[in-house]
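Chains as they are written, first to last, in our numbering: chain A, 13 to 215; chain B, 13 to 215; chain C, 13 to 215; chain D, 13 to 215. Data first, discussion second: the structure below is written as structure tokens.
There are 4 protein chains.
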Amino acid sequence: MPPKVSEEYRQSTRDKILEAAESVFQRKGYHDTSMDNVVAESGLSKGAIYGYFKSKEELFENLKNRGFEINLDRARAILESNESARSKLEKVADIYFLSQNEVSREACRMSLQFSAASLQMKPVHQHLEERYQEIHSLLAILLKEGVRRGEFRKGIDVDSIASLLIATVDGLTLRWATLDAEINWRKIKDALTDLVFDGVSSR
Amino acid sequence: MPPKVSEEYRQSTRDKILEAAESVFQRKGYHDTSMDNVVAESGLSKGAIYGYFKSKEELFENLKNRGFEINLDRARAILESNESARSKLEKVADIYFLSQNEVSREACRMSLQFSAASLQMKPVHQHLEERYQEIHSLLAILLKEGVRRGEFRKGIDVDSIASLLIATVDGLTLRWATLDAEINWRKIKDALTDLVFDGVSSR
Amino acid sequence: MPPKVSEEYRQSTRDKILEAAESVFQRKGYHDTSMDNVVAESGLSKGAIYGYFKSKEELFENLKNRGFEINLDRARAILESNESARSKLEKVADIYFLSQNEVSREACRMSLQFSAASLQMKPVHQHLEERYQEIHSLLAILLKEGVRRGEFRKGIDVDSIASLLIATVDGLTLRWATLDAEINWRKIKDALTDLVFDGVSSR
Amino acid sequence: MPPKVSEEYRQSTRDKILEAAESVFQRKGYHDTSMDNVVAESGLSKGAIYGYFKSKEELFENLKNRGFEINLDRARAILESNESARSKLEKVADIYFLSQNEVSREACRMSLQFSAASLQMKPVHQHLEERYQEIHSLLAILLKEGVRRGEFRKGIDVDSIASLLIATVDGLTLRWATLDAEINWRKIKDALTDLVFDGVSSR
DNA sequence: GATGAATGAGATTTCATTCAT
DNA sequence: TATGAATGAAATCTCATTCAT
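This is the structure we're talking about:
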């Protein structure tokens, strides 16, 4: 007879561990973080943590990639709305750049951790791959719609542009994670939409 | 077997170590590579390697970031040439995307290693920072020149666009390093130049 | 097997390690003793030992210098007693030479280890220095008292004699530690007191 | 046909190595000195050094114990002279304390190195043992002579006193080697002779 | 002989994981 | 179930010694 409250309690302990882990992994990186660090940060015991996650790797895999993780549900909602393709694209950009907690450097560091880890950790790799495909197809649909509606030029390479847009965001994440400079997200978003819609060429 | 021409010989041994190290670091990542791995790959002894590099970290720092490391000298030469800004920008893009060994996945993995390591290793961080600044200023100069000549629109945010272009390339590197897909560099380069010059909007 | 009374248990494990360490350090010396030796002697694991002492050096520093370590408390008690200076001095000598475990060769070896190590290890050096000062001042007080009471000659150089007495004991320790001969501590103590009180000269 | 000058040359090279070795061993201790250190200090090559001494240990064993190493020849000469026992004893003490280069701290450090090493290195042990016996018998002879002549008291324990005198000098060496204080050798020698001849007791 | 690059056994230390209590 | 002491494989690095040139 498993206790009633147990489930709820387990969930909250699990969350506590994940939060602690995320915090140290961000600060010190996956490899330079020891389970003792996680223990210290969480305030729990070693045995407790191993009761929830059977290895350091599994603990890591269960962290959320909050880096530039777009809220896909919101993005899909926008896609299905009744606006111009341009407006939709801008709104999706808004979600990326400005929503959530305004993109913390720590979250971006976590993204970088995931990318680096993905080379050795299958499940992380797969998660990244799936994420990528979803966002790519979403953007491709949006771009195609714009072309069909006559908002966007006929000649554009929709798939490549989707790839490029994702790459740009990933690159900004990387920069924000690793380098010293501050990023003015609003300004960079404006520059990006301006560039994407109209290019640099004078007519 | 110490040879007559000491200096030359040492350099070649040093290079052998660096090559071996690069190869394993790319394959397994910095942390999952042990010095024994480097020893095995290089065919030398542990002592020999420590005779050239006083720690695993120092060995790593001495590897070249060949990822998307633009050949800055060639880029500067283009900048000083007598062509249109558009043509110059395209040529710089060519250097990035198509030159060298056509951008190997391994080289991109190394770039990712450097980015991840930069969070904990000062000298790597600094190297990245410097690289970034150089490329950024180079691109900014090129864009400004285009605006002055009337080739590019007056309203563009030169600094932000330079940042975005770098981010795009970094993001492609990251994707190439981590994910499964192949990248058609020529196609993606064409899509990028098309996008950058003319945007997606129909007139 | 962590027990209920954690503190007590930890202390006993700690002591077990210290005993094992002392035993091998005495036998083989600090440098010729490897942590594996300590591991083997203690019956514990490597990790366990490092859980108690964070380095070989720290482990060494925590060993007690039982060599000729006078029991200062007992010596002070004697100093405050109500006897002749001569009697006090003899009793202090008794503590040195005859008390404790009758001065084991091993303990003297440990003393030598400490002296040798003190050249490179600050904390050991400092411990030695402090010990020396305490004993020196104790002896100087005793000698001065003897002079004041008229038991000892007025002309004696109290500080130098204190230094000489300590040196004699240290030298005996050294000899006992390094050379083959047995030492008859009672005989040597008698000779020392005889010498110190009356000198060799015939009247 | 071995070259003529060779022998002389070999000797001077050998001396250069020994000097260099002594210098670093004094500074850093036997164990913390690497052969590379000796190489650097001597200005010779590794191969050269191994050409003269077949191991680090052998090199060490060939160093001279200049610590408090009495000049036995001079001591013996004094013994055979035609003076009072007291005068002879004082002169022997002079040799110990005041001759040579006034007893350098470095030489005493070397003595300590030898004592510590003697626990593990047979030849060093044996050398120390022999030295000890020689000095001991020399002092015993001197003391006995004093007794026979009526200069010294009949009841004294000659052997023990010889041991004590050596111990005192060894202890001073140890102290000078390890601790911070300066030693006024003349003063300490005066105190020692005063103590030894007349003791502390007032009549 | 002289050189110093190379060797490789062995030292110290770390840390993910287990398991007796 | 929770604890945290204990484990021990594996990592990094050192350094006395050798030996091809």
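Positions of the beta carbon are idealized from the N, C-alpha and C atoms, including for glycine.
Contact belief for residue i with residue j at Cβ below 8 Å, rounded distance in angstroms
i	j	result
Q125(B)	G41(B)	6 Å
M47(D)	K68(D)	6 Å
S35(B)	E53(B)	6 Å
F209(B)	S172(A)	Wrong, their Cβ atoms sit about 14 Å apart, outside the cutoff.
I61(C)	N83(C)	So it is not a contact: roughly 29 Å between Cβ atoms.
R98(A)	E163(A)	6 Å
Q38(B)	R121(B)	5 Å
A128(A)	A128(B)	4 Å
G211(A)	G211(B)	4 Å
Helix, strand or coil at residue i according to DSSP, with G and I counted as helix
i	result
F164(D)	strand
S130(A)	helix
E34(D)	helix
S213(B)	strand
K199(C)	helix
Y42(B)	coil
V208(C)	helix
A87(D)	helix
N74(A)	coil
E19(C)	helix
F65(A)	coil
V115(C)	coil
N94(B)	coil
D27(B)	helix
G158(B)	helix
L110(C)	helix
G55(B)	coil
E141(A)	helix
E194(C)	coil
D171(C)	helix
P14(C)	With a pLDDT of 48 at P14(C), under the threshold of 50, the predicted position of this residue should be treated as unreliable, and no value is reported.
CA nearest to the CA of residue i, picked from the options
i	options	result
L57(D)	A32(D), E70(D), K76(D) and L75(D)	According to the sequence as given, residue 57(D) is Ser; it is not Leu. Among A32(D), E70(D), K76(D) and L75(D), the Cα nearest to that of S57(D) is on A32(D).
I87(B)	T190(B), D171(B), S149(B) and R121(B)	The residue you asked about is not Ile; residue 87(B) is Ala in the sequence shown. Measuring from the Cα of A87(B), the nearest candidate turns out to be S149(B).
L207(D)	L101(D), V159(D) and E146(D)	L101(D)
E92(B)	E142(B), L151(B) and Q145(B)	L151(B)
S96(D)	R161(D), M122(D) and S175(D)	R161(D)
D85(A)	V104(A), K68(A) and E69(A)	V104(A)
F109(D)	L71(D), V212(D) and T205(D)	T205(D)
L191(D)	L140(C), R121(C), L191(C) and T185(C)	L140(C)
A89(A)	A60(A), L154(A), R165(A) and I200(A)	L154(A)
H137(A)	D210(B), L186(B), N49(B) and H137(B)	L186(B)
L184(D)	V115(D), E142(D), G158(D) and E146(D)	V115(D)
E118(A)	S175(A), K76(A), A60(A) and K201(A)	K76(A)
L71(B)	H43(B), N83(B) and D106(B)	H43(B)
W188(C)	V170(D), D202(D), Y144(D) and F164(D)	Y144(D)
Y64(D)	S130(D), I147(D), C120(D) and Q23(D)	Q23(D)
K201(D)	P135(C), V51(C), D169(C) and E163(C)	D169(C)
E73(B)	T45(B), P135(B) and E146(B)	P135(B)
N94(B)	A174(B), S175(B), E157(B) and G211(B)	E157(B)
**Prompt:** Can we say the stretch 177-186 of chain C touches the stretch 170-188 of chain D, given the rule of at least three CB pairs closer than 8 Å?
**Reply:** Result yes; three or more Cβ-Cβ pairs closer than 8 Å.
**Message:** Check whether the stretch 19-35 of chain B and the stretch 194-209 of chain A touch, using three or more Cβ-Cβ pairs below 8 Å as the test.
**Reply:** Counting Cβ pairs under 8 Å, fewer than three are found: no touch.
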